[in-house]
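Just below is one structure, and these are the notes that go with it.
2 protein chains.
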Amino acid sequence: MRNLLITMRFCGASYHGFQVQKNATTITQVFQDAVEEVLGKRYDIKGCSRTDAGVHANRYCISMKVDDACTVPCQGLVRGLNAHLPGDVVVLDCCEVEEDFHARYNCLGKRYVYKFHNAAVRDPFLKARVYHSQSGIILDAEAMNTAARHFLGSHDFSAFCAAGGSVEDKVRTIYAAQVYREGDIVTFSVTGNGFLYNMVRIMAGTLLAVGQHRLSSDEIPNIIAGMDRSRAGLTLPPDGLYLDDVFYSPDQLPRQL
Amino acid sequence: MRNLLITMRFCGASYHGFQVQKNATTITQVFQDAVEEVLGKRYDIKGCSRTDAGVHANRYCISMKVDDACTVPCQGLVRGLNAHLPGDVVVLDCCEVEEDFHARYNCLGKRYVYKFHNAAVRDPFLKARVYHSQSGIILDAEAMNTAARHFLGSHDFSAFCAAGGSVEDKVRTIYAAQVYREGDIVTFSVTGNGFLYNMVRIMAGTLLAVGQHRLSSDEIPNIIAGMDRSRAGLTLPPDGLYLDDVFYSPDQLPRQL
Numbered sequence: 087m088r089n090l091l092i093t094m095r096f097c098g099a100s101y102h103g104f105q106v107q108k109n110a111t112t113i114t115q116v117f118q119d120a121v122e123e124v125l126g127k128r129y130d131i132k133g134c135s136r137t138d139a140g141v142h143a144n145r146y147c148i149s150m151k152v153d154d155a156c157t158v159p160c161q162g163l164v165r166g167l168n169a170h171l172p173g174d175v176v177v178l179d180c181c182e183v184e185e186d187f188h189a190r191y192n193c194l195g196k197r198y199v200y201k202f203h204n205a206a207v208r209d210p211f212l213k214a215r216v217y218h219s220q221s222g223i224i225l226d227a228e229a230m231n232t233a234a235r236h237f238l239g240s241h242d243f244s245a246f247c248a249a250g251g252s253v254e255d256k257v258r259t260i261y262a263a264q265v266y267r268e269g270d271i272v273t274f275s276v277t278g279n280g281f282l283y284n285m286v287r288i289m290a291g292t293l294l295a296v297g298q299h300r301l302s303s304d305e306i307p308n309i310i311a312g313m314d315r316s317r318a319g320l321t322l323p324p325d326g327l328y329l330d331d332v333f334y335s336p337d338q339l340p341r342q343l
Numbered sequence: 087m088r089n090l091l092i093t094m095r096f097c098g099a100s101y102h103g104f105q106v107q108k109n110a111t112t113i114t115q116v117f118q119d120a121v122e123e124v125l126g127k128r129y130d131i132k133g134c135s136r137t138d139a140g141v142h143a144n145r146y147c148i149s150m151k152v153d154d155a156c157t158v159p160c161q162g163l164v165r166g167l168n169a170h171l172p173g174d175v176v177v178l179d180c181c182e183v184e185e186d187f188h189a190r191y192n193c194l195g196k197r198y199v200y201k202f203h204n205a206a207v208r209d210p211f212l213k214a215r216v217y218h219s220q221s222g223i224i225l226d227a228e229a230m231n232t233a234a235r236h237f238l239g240s241h242d243f244s245a246f247c248a249a250g251g252s253v254e255d256k257v258r259t260i261y262a263a264q265v266y267r268e269g270d271i272v273t274f275s276v277t278g279n280g281f282l283y284n285m286v287r288i289m290a291g292t293l294l295a296v297g298q299h300r301l302s303s304d305e306i307p308n309i310i311a312g313m314d315r316s317r318a319g320l321t322l323p324p325d326g327l328y329l330d331d332v333f334y335s336p337d338q339l340p341r342q343l
């Protein structure tokens, strides 16, 4: 078997997440359709993350084992897949990896970003690509950045986990966390060894409360320590959430602060 | 009657143009729906232009006559409409105008832009918002700019008019035309007193041929003079086309070169 690591980028606005679902178009489905067009066979794929409906990816990795008889070169596969994928999904790269490599199990960390559009008037061209707060309040990105730094390190993030998850151990390590403004866009960037269900969207909702001065950044350590979901902020919509990078080698990870 | 001039911006990707159509969602329909929610009545509206399916607007003007009994202040109407419009349509402004003002008949000129995305890899977040040329050729924006300057002045633009238009007089005056690059985006900007059916999209297709060195910029005057549609370039898709501005006063127009 040849094992391929394929890197892609997609706008999730029109998709019901990554994994195959009945009666809903997913990234897996359009990707497998394209593979079938190019290689003549529907192959099983392993995605690095189970992204929810509407969530985007600047960099998403999948691994796919193909028959040895399939000798198409990696760059030929990139071109072929891009010719058959819809305009909101693009393959960036493809390379051969060890046979036991698995895009999800071998993942050592991920970076997510959450984008707030902070302007008096919404931007119609960014619909479903950013979170637009209707309130018209100028977000205090500096206070949000101070708050975000309290996420750093290893903590039980039960307060930032949606109900319904099956994971027992809710301790995760955050290697980097910051908030910065570029024009009308305020970005929350967070890198960790793993994330609980809806964790980044709840972190973003909590930072939104800080940015709107409804919550003090000093409260974040108490919210983490309380392990009570009701004390953290709202779960923000998927519109602003991007899987930004995926790390497979320890030296790619930010040094822990 | 109060006559209102309302300025809006929209992403046309999900719409079948501006004018009402059966079995297809148009900007007029969602706008009238929002008006009905806010004012309790479905009013007739006059748009400045009949934009095609998929065409965008950075600035689009409509006029709407409402009953004198409707005393809602202009800024209140802006807020109300924005609360009821979908995320890809936004009202920027509203003001009172003379009773005989008509958004289309009073229009003295318009500026359109056509955006080419010129990168080896398409951007999934710009799907239906730019024209992405799959060829991977680096567009010669300087040659395109030289070609665009040949459009300046008053000409019979029959060579740049799609079949099926009912307009007799095909002379139009172009006040400004240029092509410039900003990173991966090459923009064609053109201001005129009016535009024939598909005129900007055919101009853009002709400039694309120049940018790819399939056509010399020196040929543009001959193509205009020939008045033969088959000698101009392809009609490019609506994805890259934006109505950029609408002019109602002579001093807003660029001085003719």
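Chains G and V, in that order, are what the protein sequence lines are.
Residues in the first sequence are numbered consecutively from 87, following my numbering.
Residues in the second sequence are numbered consecutively from 87, following my numbering.
Backbone N, C-alpha and C define an ideal beta-carbon position, used for all residues, glycine too.
Discussion item. Does chain G have any CB closer than 7 Å to the CB of P159(V)?
Written reply: no
Practice prompt. Take V286(G) as the anchor and find which of A99(G), I131(G), G319(G) has the nearest alpha-carbon.
Written response: Here the closest residue by C-alpha is G319(G).
Fill in: Beta-carbon spacing of K74(V), V177(V) below 7 Å
Chain V is shown from 87 up to 343; residue 74(V) falls before or after that span and cannot be answered.
Item to complete: Identify the continuous alpha helix (DSSP H) that holds M230(G) and give its terminal residues.
Response: Start and end: 227-235.
Practice prompt. Check each candidate in S100(G), Q118(G), F117(G) and name the one with the smallest Cα separation from A110(G).
Written response: S100(G)
Worksheet item: Buried or exposed: which applies to C181(G), given that a residue is buried once 16 or more other Cβ atoms fall within 10 Å of its Cβ?
Response: exposed
Worksheet item: With 16 other CB atoms within 10 Å as the buried threshold, where does S308(G) fall?
Response: Per the sequence presented here, residue 308(G) reads as Asn, with Ser not at that position. Result: exposed.
Worksheet item: What residues from chain G crowd round K213(V), counting only those whose CB sits closer than 7 Å?
Response: Going along chain G in sequence order, the residues near K213(V) (Cβ under 7 Å) are C97, G173, D174.
Worksheet item: What does R208(G) touch in chain V if you count any residue whose Cβ is under 8 Å from its own?
Response: N168, G173, V176
Worksheet item: For F96(V) versus A143(V), is the C-beta spacing smaller than 7 Å?
Response: Yes. Within cutoff.
Item to complete: Would you identify the three-state DSSP class for R197(V), choosing helix, strand or coil?
Response: strand
Practice prompt. On a CA-only basis, which of L91(G), G162(G), L171(G), G98(G) is nearest A120(G)? Give me that one, please.
Written response: L171(G)
Worksheet entry | Presumed contact (8 Å Cβ cut-off) between L329(V) and R136(V), rounded CB distance | Wrong, their Cβ atoms sit about 11 Å apart, outside the cutoff.
Worksheet item: Under three-state DSSP, which class holds T114(V)?
Response: Secondary structure at T114(V): helix, using DSSP grouped into helix, strand and coil.
Practice prompt. Would you tell me roughly how many angstroms separate the C-alpha atoms of L90(G) and F104(G), rounded to the nearest one?
Written response: 18 Å
Worksheet entry | C-beta contact flag for D230(G) and V265(G) at 7 Å | The sequence shown places Met at residue 230(G), rather than the Asp named in the question. Yes, the pair counts as a contact, with Cβ atoms nearer than the cut-off.
Worksheet item: Touch check for the stretch 206-216 of chain G and the stretch 156-168 of chain G: three-plus C-beta pairs under 8 Å?
Response: Contact annotation: the stretch 206-216 of chain G does not touch the stretch 156-168 of chain G, with fewer than three C-beta pairs closer than 8 Å.
Worksheet item: Using the rule of at least 16 other Cβ atoms within 10 Å of the residue's Cβ for burial, across every protein chain shown, is M87(V) buried or exposed?
Response: exposed
Item to complete: Check the DSSP bridge columns for A404(G) and list the partner residues they point to.
Response: Residue 404(G) falls outside the range modelled here, since chain G spans only 87 to 343, and no answer is possible.
Item to complete: Identify the continuous beta strand (DSSP E) that holds I131(V) and give its terminal residues.
Response: Premise fails: I131(V) is in no beta strand (DSSP E) and is neither H nor E.
Discussion item. Whole angstroms are fine: how far does the CA of Q118(V) sit from the CA of K127(V)?
Written reply: 9 Å
Item to complete: Rounded to whole angstroms, what's the CA-CA distance from I306(V) to E184(G)? Just pull it up for me.
Response: 56 Å
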